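Let me begin by presenting the structure, written as structure tokens, before commenting on it.
Residue numbers (this note's numbering): 57 to 680.
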């Protein structure tokens, strides 16, 4: 028992510390249980063959297909347009639509989808987005309580019940609980957001989404860093490549773009081709090079290679009206655009430099600037280390910007460019994805279809791949959050170890002894203990640890374990008092310009009120 308690204690410490990946902590705990002979190899590895773990991996693929086909965005955008310019109506629709999507898709994915849509609609309606983004994050967690697959803790209590010999919960057994959560959330958040978040996001609403391209250029002072150089007949760069010039090392410059005029020279008939400068780009006479760097270095480069500094020796935006010689070469956005992306707190590129992040190599985009809180970093970007919550201004072809939003989980693309990125999604596959998702739900809901939930999910995942809802099988695998899967599989045997060594019985006995046998008091104790734990460690780990304890407490008192287990999953998922308790809370923090105290002011009252309501409501829905 002592060894189990030590391993459990160290695991919790490392989970709270957060310096080691949670899946690695789970695997280390699993190895420690094996070394101490607390679990047999078969028992220790049982989590990896657990149906819940398999179902979780399949659900990531199904959710990924819903995003890849643009189905979720199409539905949410159309529904949210019903709000018009009414702030209250927009608030209600954000809560309802987000929670509905969150019932079938992970809360992180739901927020990643809804954030740019909500901010854009808020800007169009003249509504302060800061009053909507925190409710957006909270609603994604509330929606997870509506279905069996909405959030991992729901799957955990299902597994705990079936493992103890009880009847499995239905797909929509959670729906009444989820509806109560959303109702409480709406009633509490509507006044709290107006009181405490009225000024949030005002200064940066446009920076989050509603800004025009010219406004982005002005905000990031691209005028101070961007210069245009023309390749003339006497220039020494004609026929040379980017590699030959070695601009970054020799001059400290970044060649962002080559603008090439084609066809008629008449300003109204002339066409312009834009392309990012790659290593094999060959320069031609008449090319206009867009160069970012210090004016002195740009001038030296121009002199060395006999390039024409357009607009004199001033930056493009600082110049006056274009002259006849450069008409048609002003700062426009045709094939190439700019967009802002916000780094997620769980991003794998945090701590790396911009150069090491490999935006140019992986996605063919340039990083033009970094907005870190209220500061703008515009020079020596290649050596700048990235932080969680950084907003990066990137430049690239619209197609590549769109690829940023669908091929990587490290960031979220903000603003109007997302509408351009939507063009590269597999929109024509959206009806297919919708049909498969409905088929999956039908197999889970209707008893006459004799298919286990895990089987239904696997069928749906395979169908999504076979019907072309993904560009490739590799793209489907990329949607799986392996850290979560391994964390879940690694921690599930911990509950077996707690039960096997008598730790669960000891803790539950202490709770029953301290709280008495009153089921409502016991419910409150378990709920708020879980709620406190989930503020420091993930809701998945919290549910894994607390579910067997709640089950044992119910058996000792002689009541049904169902309400207590529902208390565990609700408390583990309804954590709003910290920006770091859930990924959605952290994701909206920079976009809404929230502080830690904002979450305390708005989230803590909601978390407490939600707990008080649930202590009395859950026994009504699921009697003791």
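For every residue, glycine included, the Cβ atom is placed at its ideal position computed from N, Cα and C.
Keep in mind the model is a prediction, meaning the values are calculated, not measured.
**OP:** Please check the pair residue 100 and residue 63, which I expect to be a contact at CB under 8 Å, by giving their CB distance rounded to whole angstroms.
**Re:** Incorrect: roughly 12 Å between the Cβ atoms, too far for contact.
Subject >> Contacts around residue 505, its chain only, beta-carbon distance under 6 Å, and the 5 residues preceding and following it disregarded >> reply: In chain order, 499 place their CB closer than 6 Å to the CB of residue 505, counting only its own chain and leaving out the 5 sequence neighbours on each side.
Original post:
With 9 Å set as the bound, which would you pick, yes or no: does the beta-carbon of residue 189 sit closer than that to a beta-carbon of chain B?
Top reply: Looking for chain B here will not work: only one protein chain is present.
**OP:** Measure the C-alpha to C-alpha separation of residue 358 and residue 410 and round it to an integer number of angstroms.
**Re:** 26 Å
Original post:
Nearest-angstrom Cα distance between residue 376 and residue 420?
Top reply: Here the model assigns residue 376 a pLDDT of 35, short of 50, so the residue's position is not dependable, and the following value carries that caveat. Straight-line Cα distance between these residues: approximately 32 Å.
**OP:** Output the distance between the C-alpha atoms of residue 326 and residue 290, rounded to the nearest integer angstrom.
**Re:** At residue 326 the pLDDT is 37, less than 50, meaning the model places this residue with poor confidence and gives no usable figure here.
**OP:** Go through its chain and collect everything with a Cβ distance to residue 413's Cβ below 7 Å, but skip five positions before and after it.
**Re:** 405, 442
Original post:
Who are the near neighbours of residue 677 in its chain, counting only those whose CB is closer than 7 Å to its CB and skipping five residues on each side?
Top reply: 232, 233.
Original post:
When we look at the beta-carbon of residue 213 and count the other beta-carbons within 10 Å, is it buried (16 or more) or exposed?
Top reply: Under this definition residue 213 is a buried residue.
**OP:** Determine, using beta-carbon pairs with one atom in the region 292-312 and one in the region 344-352, whether at least three such pairs fall under 8 Å.
**Re:** yes
Subject >> Reference residue 562, options 608, 203, 393, closest by Cα >> reply: 608
Subject >> Bridge-paired residues (DSSP) for residue 310 >> reply: 348
Original post:
Buried or exposed: which applies to residue 610, given that a residue is buried once 16 or more other Cβ atoms fall within 10 Å of its Cβ?
Top reply: buried
**OP:** Tell me where the alpha helix (DSSP H) around residue 605 begins and ends.
**Re:** 595-613
Original post:
Going straight from the alpha carbon of residue 550 to that of residue 449, what length do you get?
Top reply: Taking the straight line joining both Cα atoms gives about 44 Å.
Original post:
How would you call residue 663, buried or exposed, if buried means at least 16 neighbouring beta carbons within 10 angstroms?
Top reply: buried
**OP:** Decide yes or no for the touch test of the region 516-527 against the region 113-124: beta carbon pairs closer than 8 Å, at least 3 of them.
**Re:** As far as the Cβ criterion goes, the region 516-527 touches the region 113-124, which means the pair count is three or higher.
Subject >> the ligand GTP heavy atom lying under 8 Å from the CB of residue 651 >> reply: For the ligand GTP, the structure offers nothing, since it holds no ligand at all.
Subject >> Reference residue 117; option with closest CA among 59, 526, 615 >> reply: 526
Original post:
How would you call residue 595, buried or exposed, if buried means at least 16 neighbouring beta carbons within 10 angstroms?
Top reply: buried
Subject >> Sequence-distant residues of its chain with Cβ nearer than 6 Å to residue 617 (five each side left out) >> reply: 607, 610
**OP:** For the beta strand (DSSP E) containing residue 282, list its first residue and its last residue.
**Re:** 282-286
**OP:** Provide the residue span of the beta strand (DSSP E) that contains residue 432, from first to last.
**Re:** Per DSSP, residue 432 belongs to the beta strand (DSSP E) from 431-433.
Original post:
Considering only residues of the same chain and omitting the five flanking positions on each side of residue 507, which have a CB-CB separation below 7 Å?
Top reply: 499
Original post:
Nearest to residue 211 by CA position, among 150, 106, 352, 166, is which residue?
Top reply: 106
**OP:** Evaluate residue 484 with the Cβ neighbour count: other Cβ atoms within 10 Å of its Cβ, from every protein chain shown; 16 or more gives buried, anything less gives exposed.
**Re:** exposed
**OP:** May I ask which residues mark the beginning and end of the alpha helix (DSSP H) holding residue 426?
**Re:** No alpha helix (DSSP H) holds residue 426; the beta strand (DSSP E) holding it covers 422-428.
Original post:
Three or more beta-carbon pairs under 8 Å between the region 639-651 and the region 217-230, yes or no?
Top reply: no
Subject >> Those residues which DSSP pairs with residue 397 across a bridge >> reply: 448, 469
Original post:
Near residue 182, which residues of its chain fall below 8 Å by C-beta distance, leaving aside the five closest residues on each side in sequence?
Top reply: 141
**OP:** Tell whether a beta-carbon distance below 9 Å holds between residue 627 and residue 635.
**Re:** No; because the gap between Cβ atoms is not below 9 Å, this pair is not in contact.
Subject >> Bounding residues of the alpha helix (DSSP H) (the contiguous stretch that carries residue 123) >> reply: 107-124
**OP:** Keeping to the same chain, check which residues put their C-beta closer than 6 Å to that of residue 445; ignore five residues upstream and five downstream.
**Re:** The answer, listed in chain order, is 646.
Original post:
What residues in its chain sit with their C-beta under 6 Å from that of residue 236, if we drop five residues either side in the sequence?
Top reply: 673
Original post:
Less than 9 Å separating the beta-carbons of residue 240 and residue 669?
Top reply: yes
Original post:
Helix, strand or coil: how does DSSP classify residue 479 here?
Top reply: Confidence in residue 479 is poor, its pLDDT being 41 and thus under 50, which makes the residue's placement too unreliable to answer from.
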